[in-house]
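Residue numbers for the sequence shown follow the working numbering, beginning at 2 and rising by one.
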Amino acid sequence: MITPAQNFLKKQKITYKTYEYKCTVDHDFGKFAATALNIKEDKVFKTIILHHDKTYVTCVVPVNAMISLKNVARLIKVKDLEMTDQPTASRITGYVIGGISPFGQKRKTLTVLSETALKFDEILVSGGRRGFSVGVNPQDLIKSLNAVVGDIIEHKE
């Protein structure tokens, strides 16, 4: 079954690699994917949907990191951001939780990518369903989604 994410990548002529695994959890999907695929957690990225009023933001961060709402807000020049609840995130993106891809979402959102992605030639993000990831070059993600890149993760003091 081709996902909207794969359709988006094909339309954009972006080279990608597919990774499938059996998803048997209902939380921490990204960490599970990293373990199931035997890939380091800093190379596997989760998709988090934030909002400021009615403006939605797609954040792509490593599964082993916590997102910094303050850093994202500062980067995109808004006062504050909140996590979007699961039903709204699914409605906005067209994907189920645990399968939200930054690619091929129902509604176009601003995309923010953690700068840590830039140290890799390939990062894994959700391919549009649970148990399915796609490996893409971070530069292709930035270009195709017009993503903003910055320091958006919490750092231990």
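Just so it is clear, CB atoms sit at the ideal spot from N, CA and C, and this is done for glycine as well.
Around the CB of Thr85, 16 or more other CB atoms lie within 10 Å, so the residue is classed as buried.
Annotated as distal: Gly105 and Glu123, with beta-carbon spacing of 9 Å or more.
The Cβ atoms of Val73 and Val58 sit closer than 9 Å to each other. Beta-carbon to beta-carbon, Lys32 and Glu42 are separated by about 6 Å, close enough to satisfy the 8 Å threshold.
The residue among Met67, Thr36, Thr89, Leu76 with its C-alpha nearest the C-alpha of Lys157 is Met67.
Counting along the chain, the unbroken beta strand (DSSP E) around Phe133 starts and ends at 133-137. Beta-bridge pairing by DSSP links Tyr20 to Ser134.
Put simply, the backbone Cα of Thr48 is about 16 Å away from that of Gln7. Around the beta-carbon of Arg108, fewer than 16 other beta-carbon atoms lie within 10 Å, marking it exposed. In the structure shown, the three-state DSSP call for Leu125 is strand.
Here the segment 145-157 makes no contact with the segment 87-96; the two share fewer than three CB pairs at distances below 8 Å.
Taking C-beta separations shorter than 7 Å and ignoring five residues to either side along the sequence, the partners of Gly128 in its chain run Thr4, Ala6, Gln7, Thr19, Ser102, Ser134, Val135, following chain order. A Cβ-Cβ separation of about 5 Å places Val126 in contact with Phe46 under the 8 Å criterion.
About 19 Å separates the beta carbon of Cys60 from that of Arg131, a gap too long to meet the 8 Å contact definition.
Ser115 is the residue among Asp152, Glu155, Ser115, Ile154 whose C-alpha sits nearest the C-alpha of Leu142.
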